[in-house]
Every structure is written in C-alpha cells, then in structure tokens.
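Student: Take this structure first; my questions come after.
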Amino acid sequence: MPARVGVIGTGWWATRAHLPAIAANPDAELVAIADPNEANRNRAAEAFAPPSVYGDHREMLRTEQLDGVVVAVPHTRHFDIARDALQADLHVLVEKPMVLTSGHARELLQTAAEHDRQIIVGYPWHYNDQVDLARDWIASGAIGDLLYVHSLFASIVWELYRGDVESVADEMGYTVNPTGRDTYSDPALSGGGQGVTQITHSGALLLHMTGLEPTEVFAQMHNHDLRVDLVDALSVRFENGCLGTIGSTGSTVRAQEEVLEYRLYGTGGHILFDVMHEDLTMYRADGSITESPPCPPAPAGRDYSTSYPEEGPLDNLVEVISGGTNRSPGRLGARVVAMLEAAYASASDGTRHRVAPTDP
C-alpha cells in the first residue's frame with residue numbers, strides 16, 4: 001500500500017518540491033492538504049487534486065487516516081504543527097530549520113520517542129551521492145582525525161529578506177504559489193535571516209558529513225538595514241577539539257553563482273568540496289589524490305537535480321514510513337538548532353556561548 005501523506009502548508013516550497021515529489025513517487029499517495037491561506041490552498045488543490053482540502057491542519061489530523069505529514073510553513077510555526085502531528089502518531093517531514101530553540105527541539109525529540117515516530121528534516125543535500133562519499137571518507141578515517149573545518153555559503157536571498165519576492169521569481173521557481181512577502185523578511189515569521197534560512201543548510205551538511213558535535217560558538221552578524229541578519233560569521237569549537245568556521249552571506253547578486261563549499265582538514269589529509277560544481281577531491285598524506293565522479297542523472301521519470309535533490313526529503317519520508325533509514329533525522333536537526341541558538345545569542349551580546357544539549 002502506498003504511504004498516505006498529508007501536506008500542511010501550500011506555499012512556494014511545498015508546491016515546488018514536496019507536492020510534485022508525492023505525485024512522482026509510486027509509493028506515495030496524497031490524501032489531503034491543509035493551509036489557512038485560502039488562495040494558496042485553492043491553487044494547490046487545482047494543481048495537485050488532493051481528495052481533501054482543509055483550512056485547519058488540526059481538522060485534517062483528526063479526520064484523515066495518514067501515515068505521515070509534511071510541515072512546510074513559516075519557521076515560527078514549525079514547532080506547534082510538528083508536535084500536533086507527532087501526537088497524532090504520524091511520521092513528520094518538517095522543513096528546515098526544524099524549530100528555533102533548543103528547548104523546542106528537545107520537546108519534539110521527546111514527543112517523537114514517546115510515539116515511536118520519526119522526524120525527517122528537509123535538507124535536500126543530504127541525499128547527494130557526493131555527500132555520501134565524503135561522509136564515508138571521513139567516517140573511515142581516510143583523512144584522520146579532523147582538526148579544522150570550514151564552510152562558506154553565499155546565496156541569492158537578499159531580496160527575500162527585503163520582502164521583494166517578485167524580483168526573484170525566476171531564481172526561486174514559483175510553479176504554483178510564490179513565497180509570502182513576509183515569510184523571510186519578518187522575524188515574527190522567520191525567526192531570523194541568513195542563520196536560520198541558510199546556515200541551517202550548510203551547518204547541517206557540515207555536521208552530517210563529519211559527525212562533529214558543536215559545543216561552543218562565537219558569532220558576529222550584520223543586518224545591513226534589514227530586519228533580519230544578512231551576513232553571518234561563526235567560529236565553532238567541537239567536542240573532539242576540532243575548530244571550525246561557518247560563514248554565510250545572502251548578498252550574492254543574480255549575475256553571480258551561488259557558492260557552497262567545504263574545506264575539511266584532518267591529521268592524515270584533507271577534503272575540498274565545491275558542492276555547486278560537483279567537485280569533490282580528497283588529498284591524503286601519502287600523496288594520493290582521489291576525485292569523485294559528478295552526481296548521476298535523476299532516475300527515469302524523475303525531473304530534479306541530483307546535486308540538490310529536492311524530492312529527496314519526501315522520498316525519505318516514504319521510506320521511513322515503510323521502515324527504512326532516516327537520512328536526515330531530527331537529532332541532527334536539533335543540533336543545528338542549538339548551534340544557531342548559541343550563534344544568535346553570541347552575536348547579540350558579543351560573548352562565546354555554549355551549545356545547549358538537545359537529547360531528551
């Protein structure tokens with residue numbers, strides 16, 4: 001039987017990534033959508049023809065027989081809705097950031113454990129074959145113990161933080177519904193800027209590839225007259241003594257390419273990874289150099305980039321419902337939340353902050 005999935009939130013990303021992924025997956029069945037925004041849910045209903053449409057997600061959870069749900073709503077609403085779904089005994093794919101505080105992260109992990117359900121966090125790069133290879137290299141000890149790690153993410157999101165969603169329509173790829181004008185520009189909805197919108201991606205990928213546990217953060221951030229942070233610089237200490245820097249800016253102009261790169265240095269070699277250009281190379285102390293092949297094409301009948309597999313999180317939700325492995329688990333999402341919480345606190349008061357525990 002196909003996995004019975006409900007989708008909560010029918011904005012830009014749900015209609016660009018998650019709903020098309022359900023339609024393309026023969027093991028998934030779209031049962032219902034829910035969104036208080038009538039215009040958005042009506043356009044989504046017309047585009048994807050769900051059997052049932054709701055204005056309130058709680059009514060959907062009470063009424064429908066579901067196996068899992070997608071939570072794709074503004075950041076500040078993630079916690080309440082994801083908790084509702086877990087308490088309804090459903091597996092949950094929640095968009096990034098998982099939540100905004102370490103306390104909320106712990107509570108969601110506790111709720112998931114009590115109901116024997118999984119949280120999948122919406123990080124498409126975790127389904128990239130080169131990421132899997134880099135992770136395997138590091139886990140095998142191919143470059144020894146990690147000493148220093150660096151991540152840079154430069155993205156085209158300045159206009160989103162201004163609320164100018166029309167000017168980036170081509171870059172964002174609005175297929176059914178656009179991004180809400182306030183979704184990323186109003187901290188009451190977003191909870192922040194570049195940190196919770198983009199470092200949540202790059203930081204999660206760093207932790208996913210390396211297995212590092214952040215313990216302490218010193219951060220500086222600059223809003224550049226926006227209501228949210230545009231440029232962030234984090235200095236991070238990890239549990240094993242490894243040090244790292246995580247930098248990100250949303251100021252890349254549309255004439256330029258976005259950048260996502262990693263430099264990972266260990267006692268026995270290092271890895272350079274240009275994610276956008278699919279350039280992954282390992283240099284070892286014995287002088288050997290290993291280059292990864294590029295990402296493979298998408299499977300037949302699927303239309304997405306395997307470098308940034310937009311359908312990966314939804315496909316993983318379906319796999320988890322069937323007893324498969326969670327490749328972007330809630331515990332990882334929680335560690336990123338706690339690291340970012342410490343970063344925002346540090347940027348606010350100018351001191352180093354410990355990363356709060358998140359295990360329930």
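Quick note on numbering: our numbering labels position 259 of the sequence shown as 259, and the sequence is numbered without any gaps. Ideal placement from N, C-alpha and C gives every residue a C-beta, glycine not left out. Predicted model, so just to flag it, every value in this text is computed and none were measured.
Ends of the alpha helix (DSSP H) at Arg-43?
Tutor: Counting from one through the sequence shown, the residue named residue 43 turns up at place 43. 38 to 48 is the extent of the alpha helix (DSSP H) around Arg-43.
Student: Suppose contacts are defined by Cβ-Cβ distances below 9 Å. Is Leu-260 in contact with Trp-158 by that definition?
Tutor: On the sequence shown, position 260 is the one that residue 260 refers to. On the sequence shown, position 158 is the one that residue 158 refers to. No.
Student: Is Asp-349 helix, strand or coil when you go by DSSP?
Tutor: For the purposes of this step, residue 349 is taken as residue 349 along the sequence shown, with counting starting at 1. Here Asp-349 sits in helix by DSSP.
Student: Roughly how many angstroms separate the alpha carbons of Thr-210 and Ile-138, rounded to a whole number?
Tutor: Translated into the one-based positions of the sequence shown, residue 210 becomes position 210. Translated into the one-based positions of the sequence shown, residue 138 becomes position 138. Distance between the alpha carbons of Thr-210 and Ile-138: 6 Å.
Student: Could you give the first and the last residue of the continuous alpha helix (DSSP H) run that contains His-208?
Tutor: Residue 208 sits at position 208 when you count from the first residue of the sequence shown. Note, His-208: alpha helix (DSSP H), 200 to 210.
Student: As a quick exercise: from Glu-310, Asn-223, Glu-64 and Ala-142, pick the residue whose alpha carbon is nearest that of Thr-290.
Tutor: Residue numbering aside, residue 290 sits at position 290 when the sequence shown is read from its first letter. Comparing Cα positions, the closest option is Ala-142.
Student: Determine the DSSP secondary structure at Met-172, reduced to helix, strand or coil.
Tutor: Along the sequence shown, read from residue 1 onward, the residue named residue 172 stands at position 172. Helix, per DSSP.
Student: If you draw a straight line from the alpha carbon of His-224 to that of Gly-301, how long is it in whole angstroms?
Tutor: Translated into the one-based positions of the sequence shown, residue 224 becomes position 224. Translated into the one-based positions of the sequence shown, residue 301 becomes position 301. Between His-224 and Gly-301, the C-alpha separation is close to 44 Å.
Student: List the whole-angstrom C-beta distance separating Arg-62 from Leu-90, where the pair is believed to meet the contact cut-off of C-beta under 8 Å.
Tutor: Walking along the sequence shown from the start, residue 62 turns up at place 62. Walking along the sequence shown from the start, residue 90 turns up at place 90. Contact flag wrong, Cβ pair sits at about 12 Å.
Student: Buried or exposed: which applies to Tyr-148, given that a residue is buried once 16 or more other Cβ atoms fall within 10 Å of its Cβ?
Tutor: The sequence position of residue 148 within the sequence shown is 148, counting from 1. Looking at its Cβ environment, which holds fewer than 16 other Cβ atoms inside 10 Å, Tyr-148 is exposed.
Student: Given a cut-off of 9 Å on the beta-carbon distance, is the pair Phe-218 and Ser-190 in contact?
Tutor: Numbered from 1 along the sequence shown, position 218 holds the residue referred to as residue 218. Numbered from 1 along the sequence shown, position 190 holds the residue referred to as residue 190. No; because the gap between Cβ atoms is not below 9 Å, this pair is not in contact.
Student: Of all the beta strand (DSSP E) runs that stay within the bounds of the stretch 231 to 272, which reach a length of 3 or more residues?
Tutor: 231 to 238, 243 to 249 and 259 to 266
Student: Buried or exposed for Pro-357, please, with buried defined as at least 16 other CB atoms from any protein chain shown within 10 angstroms of its CB.
Tutor: Locating residue 357 in the sequence shown gives position 357, where the first residue counts as 1. The residue in question, Pro-357, is exposed, as its Cβ has fewer than 16 Cβ neighbours within 10 Å.
Student: Along the chain, where does the beta strand (DSSP E) containing Gln-118 start, and where does it finish?
Tutor: Taking the first residue of the sequence shown as 1, we reach residue 118 at position 118. Judged by DSSP secondary structure, Gln-118 falls outside any beta strand (DSSP E); it is assigned neither H nor E.
Student: Roughly how many angstroms lie between the CA atoms of Ser-52 and Ala-45, to the nearest whole one?
Tutor: Position 52 of the sequence shown, counting from 1, holds the residue named residue 52. Position 45 of the sequence shown, counting from 1, holds the residue named residue 45. A direct Cα-Cα distance of roughly 9 Å separates Ser-52 from Ala-45.
Student: Can you give the Cα-Cα distance for Glu-380 and Ser-292, rounded to whole angstroms?
Tutor: The question about residue 380 has no answer, for the chain in this structure spans 1 to 360.
Student: Considering His-150, what are the terminal residues of the beta strand (DSSP E) in which it resides?
Tutor: Residue 150 sits at position 150 when you count from the first residue of the sequence shown. Where His-150 is concerned, the enclosing beta strand (DSSP E) stretches over 146 to 154.
Student: Measure how close the beta-carbons of Gly-196 and His-78 come, nearest whole angstrom, since I'm counting them as under 8 Å.
Tutor: On the sequence shown, position 196 is the one that residue 196 refers to. On the sequence shown, position 78 is the one that residue 78 refers to. First, the amino acid is wrong: residue 196 is Val here, not Gly. Not confirmed; about 10 Å, so no contact.
Student: How should Pro-297 be labelled, buried or exposed, when 16 other C-beta atoms within 10 angstroms of its C-beta is the threshold for buried?
Tutor: Position 297 of the sequence shown, counted from the start, is the residue given in the question as residue 297. That one is exposed.
Student: Roughly how many angstroms separate the alpha carbons of Thr-186 and Gln-194, rounded to a whole number?
Tutor: Numbered from its first residue, the sequence shown carries residue 186 at position 186. Numbered from its first residue, the sequence shown carries residue 194 at position 194. With the sequence shown as reference, residue 186 is identified as Asp, and Thr is not the correct amino acid for it. Near 13 Å, if we compare the C-alpha coordinates of Gln-194 and Asp-186.
Student: In whole angstroms, what separates the C-alpha of Glu-59 from that of Ala-34?
Tutor: Residue numbering aside, residue 59 sits at position 59 when the sequence shown is read from its first letter. Residue numbering aside, residue 34 sits at position 34 when the sequence shown is read from its first letter. Whole-angstrom Cα-Cα distance: 9 Å.
Student: Measure the beta-carbon distance from Leu-93 to Gly-330 and round it to whole angstroms, keeping in mind my assumption that it falls under 8 Å.
Tutor: Residue mapping note: residue 93 aligns to position 93 of the sequence shown, counting from 1. Residue mapping note: residue 330 aligns to position 330 of the sequence shown, counting from 1. About 10 Å separates the two Cβ atoms, so there is no contact after all.
Student: Just mark Ser-155 as buried or exposed, buried being the case when its beta carbon has 16 or more other beta carbons within 10 Å.
Tutor: Reading the sequence shown from its first residue, position 155 is the one you call residue 155. Under this definition Ser-155 is a buried residue.
Student: Measuring CA to CA, which of Leu-340, Thr-249, Gly-324 and Tyr-283 is closest to Ala-370?
Tutor: Limits of the chain in this structure are 1 at one end and 360 at the other, which puts residue 370 out of reach.
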